[in-house]
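Novice:
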Amino acid sequence: MKQISEKEAQLKLSSLCAQGEHCTQELIDKLNKWEISENAQARIMEYLTKNKFVDDARFCEAFVKDKIKYNGWGRKKVEQALYIKRIPRSISDPVFEEIPDDMYLEKLRPLIKQKYPTIKARNEYERAMKLIKFAMGRGFDMRIIRMCIDEADELADD
Numbered sequence: 039m040k041q042i043s044e045k046e047a048q049l050k051l052s053s054l055c056a057q058g059e060h061c062t063q064e065l066i067d068k069l070n071k072w073e074i075s076e077n078a079q080a081r082i083m084e085y086l087t088k089n090k091f092v093d094d095a096r097f098c099e100a101f102v103k104d105k106i107k108y109n110g111w112g113r114k115k116v117e118q119a120l121y122i123k124r125i126p127r128s129i130s131d132p133v134f135e136e137i138p139d140d141m142y143l144e145k146l147r148p149l150i151k152q153k154y155p156t157i158k159a160r161n162e163y164e165r166a167m168k169l170i171k172f173a174m175g176r177g178f179d180m181r182i183i184r185m186c187i188d189e190a191d192e193l194a195d196d
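Heads up: take any position in the sequence shown, counting from 1, add 38, and you land on this note's numbering.
(1) Please state the DSSP three-state secondary structure of Cys55.
(2) DSSP three-state call for Arg160: helix, strand or coil?
(3) Determine the direct distance from the alpha carbon of Glu59 to that of Asn77, and round the result to whole angstroms.
(4) Residues in the same chain with beta-carbon distance under 7 angstroms from Gln41, minus the five sequence neighbours each way, listed in chain order, please.
(5) Please name the residue in Tyr163, Arg124, Glu99 and Met180 whose C-alpha comes closest to that of Thr62.
(6) Less than 7 angstroms between the C-beta atoms of Ile157 and Arg165, yes or no?
(7) Assign Gly175 to buried or exposed, taking buried as 16 or more other Cβ atoms, counted over all protein chains shown, within 10 Å of its Cβ.
(8) Does the segment 83 to 101 come into contact with the segment 141 to 155, if we say contact requires no fewer than three beta-carbon pairs (one atom in each stretch) closer than 8 angstroms?
(9) With distances taken between CB atoms, is the gap from Phe172 to Gly112 smaller than 7 angstroms?
(10) Going by alpha carbons, who is nearest to Lys45 out of Lys145, Gln57, Gln79 and Asp93?
(11) When you compare only the Cα positions, how much space is there between Ala100 and Lys107?
(12) How about Tyr121 and Ile182: do their beta carbons lie closer than 7 angstroms?
Below you can see the structure in the form of structure tokens.
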């Protein structure tokens with residue numbers, strides 16, 4: 039790979055950030071891949087931050103809402119993805135606090151409803167355990183899962 043200059047790197051990242059939200063860590067990873075020196079990286083990141091190309095709080099808000107709304111992820115799975123992107127909890131926790139339970143329930147209800155009839159279980163307890171395991175794999179927390187399973191049980195009783 040040919041070496042790119044500090045100006046080229048800054049321009050590429052500015053363009054990338056103008057197209058969509060990116061977090062600081064993603065940009066630093068790109069700079070490392072391009073073998074940009076640490077001093078140049080610091081200057082580029084300062085420029086991108088000062089000119090509002092990159093804003094981890096803004097990224098976090100968009101990321102959280104997208105993952106819940108479009109990917110159907112639960113809070114735990116989104117938190118894990120943010121941890122990998124090195125978004126501090128001081129930025130992510132307030133974003134999660136703003137999200138109502140209804141948003142999670144809206145995503146989990148259809149998943150549980152769809153999964154419920156396909157689960158082979160000897161009894162309702164075993165079925166509930168399998169549904170819990172399924173929902174936890176999607177990153178939902180126990181409180182939300184319980185609400186959905188109780189509703190699914192009621193539907194099955196009808």
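Cβ coordinates follow ideal geometry from the N, Cα and C atoms, glycine included.
Specialist: Result, derived from the coordinates:
(1) helix
(2) coil
(3) 24 angstroms
(4) Glu73
(5) Arg124
(6) yes
(7) exposed
(8) no
(9) no
(10) Gln79
(11) 10 angstroms
(12) no
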